[in-house]
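Read through the structure below, which is laid out as structure tokens, and then see the notes.
Residue numbers (the numbering used here): 1 to 136.
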């Protein structure tokens, strides 16, 4: 876990100066705001890739088994802050993912995302780093 966190912090920096993130704050906020849908262990809801009767998708996992790590930091931040709305989803897309703007500060959102990322395996962190490099 410590190696994964070290890799994450190194990757998140990518040459930019970024403020330190408070993982304990992220853990607490995740437990209060996110775990109800995404699971206390970041496991997501059952059958998260299959639409529900209302046409919406269940909450995905944020662990290695989900797709969260496939998204760049700015996309994860934007979805958390503004919900699944354009430009992160098509106009009119309906989701149970709330927007946290006005509820969480930017620092709190970054702390939650860092907490989530601190649970990704070393292998996922390597794949993510490669993906982000190829994106540029």
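Each residue gets a CB set at the ideal place from its N, CA and C atoms; glycine is no exception.
Practice prompt. Specify whether the stretch 79 to 92 and the stretch 121 to 134 touch according to this definition: at least 3 beta carbon pairs, one from each stretch, less than 8 Å apart.
Written response: Short answer: they don't touch.
Item to complete: Apply the 10 Å Cβ neighbour rule to residue 36 and answer buried if 16 or more other Cβ atoms are within range, or exposed otherwise.
Response: What you label residue 36 is simply residue 36 of the chain shown in a count that begins at 1. Classification of residue 36: exposed, given that the 10 Å Cβ count is below 16.
Practice prompt. Can you check DSSP and say which residues form a bridge with residue 101?
Written response: Start at 1 with the first residue of the chain shown, and residue 101 comes out as number 101. Paired residues: 104.
Worksheet item: On the premise that residue 58 lies in contact with residue 46, defined as a C-beta separation below 8 Å, what is that separation, rounded to the nearest angstrom?
Response: The residue given as residue 46 occupies position 46 in the chain shown. The residue given as residue 58 occupies position 58 in the chain shown. Contact flag correct, Cβ pair sits at about 7 Å.
Worksheet item: Under three-state DSSP, which class holds residue 54?
Response: As a position in the chain shown, residue 54 is number 54, starting the count at 1. Taken through DSSP and simplified to helix, strand or coil, residue 54 comes out as coil.
Worksheet item: Grouping DSSP H, G and I as helix and E and B as strand, with all else coil, what is residue 1?
Response: Position 1 of the chain shown, counting from 1, holds the residue named residue 1. Only weak support is given to the placement of residue 1: the predicted model assigns it a pLDDT of 46, under 50, and the question is left unresolved by the model.
Worksheet item: At which residues does the alpha helix (DSSP H) containing residue 135 begin and terminate?
Response: As a working note, residue 135 is residue 135 in the chain shown. It spans 122 to 135 - the alpha helix (DSSP H) in which residue 135 sits, taken as one unbroken run.
Worksheet item: Looking only at its own chain, which residues have a Cβ that is under 7 Å from the Cβ of residue 26, when we skip the five neighbours before and after it?
Response: Here the question's residue 26 lines up with position 26 in the chain shown. Cβ neighbours of residue 26 beyond the five flanking positions: 111, 112, 114 and 115.
Fill in: residue 43 in three-state terms, based on DSSP
The sequence position of residue 43 within the chain shown is 43, counting from 1. The answer is coil: DSSP assigns residue 43 none of H, G, I, E or B.
Fill in: Limits of the unbroken alpha helix (DSSP H) element including residue 24
The sequence position of residue 24 within the chain shown is 24, counting from 1. It spans 23 to 29 - the alpha helix (DSSP H) in which residue 24 sits, taken as one unbroken run.
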